[in-house]
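Taking my numbering, the leading residue of the sequence shown gets 7, the next gets one more, and so forth. Below: the structure, in structure tokens.
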Amino acid sequence: NIDNFYTSWQLLETLRLFKLYNRENIRENSKHYPKCAMIPKSDKLPRGSMKQAVREALKIVAASWVAGSIVNIVSNADMSSTASVTRRIGQQATTLPAPSCVVQYNQAMQRVDRLDQLW
Numbered sequence: 007n008i009d010n011f012y013t014s015w016q017l018l019e020t021l022r023l024f025k026l027y028n029r030e031n032i033r034e035n036s037k038h039y040p041k042c043a044m045i046p047k048s049d050k051l052p053r054g055s056m057k058q059a060v061r062e063a064l065k066i067v068a069a070s071w072v073a074g075s076i077v078n079i080v081s082n083a084d085m086s087s088t089a090s091v092t093r094r095i096g097q098q099a100t101t102l103p104a105p106s107c108v109v110q111y112n113q114a115m116q117r118v119d120r121l122d123q124l125w
């Protein structure tokens, strides 16, 4: 996982050429992020709403997911499938659909955060 400040669509394309796989959180104002996969902040969609797009030639997935705030992810390591996540809203646990790349990104970031705590 790469910090979203350094993330770009071109970086994923280049990494793919070297057979390196990655998933990245990307800023919504990123120059080459596909707008067809982006959920604008002006849209007030319920939690669990998502949009995905796949660039078949490069096997890169772009996904936007609403989880309180909008999360934008690009990945050359995942497919465009969906998974379920459990989120606590108030005192109640709710199961929401999410793109699989978001689920994998969150699992990897938890490992990074734990490693940062050791330092």
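Where is the CB? At the ideal position from N, CA and C, for every residue including glycine. Here the structure is a predicted model, which means the values were calculated and not measured.
Quiz item: Going straight from the alpha carbon of S90 to that of P105, what length do you get?
Solution: 8 Å
Quiz item: From L18 to T100, what does the alpha carbon distance come to, in whole angstroms?
Solution: 33 Å
Self-check item: I45 versus W71 - alpha carbon distance
Solution: 8 Å
Practice problem: Label Q16 either buried or exposed according to how many other C-beta atoms from any shown protein chain fall within 10 Å of its C-beta, with 16 as the threshold for buried. | Solution: exposed
Practice problem: Count the other C-beta atoms from every protein chain shown that fall within 10 angstroms of the C-beta of E62, then say buried if there are 16 or more, exposed otherwise. | Solution: exposed
Self-check item: Rounded distance between the beta-carbons of N31 and A83, thought under 8 Å
Solution: Not really, about 14 Å apart at Cβ, beyond 8 Å.
Practice problem: Identify whether L35 lies in helix, strand or coil by the three-state DSSP scheme. | Solution: In the sequence under discussion, the amino acid at residue 35 is Asn, which differs from the Leu named in the question. The answer is coil: DSSP assigns N35 none of H, G, I, E or B.
Self-check item: Limits of the unbroken beta strand (DSSP E) element including R93
Solution: 88–95
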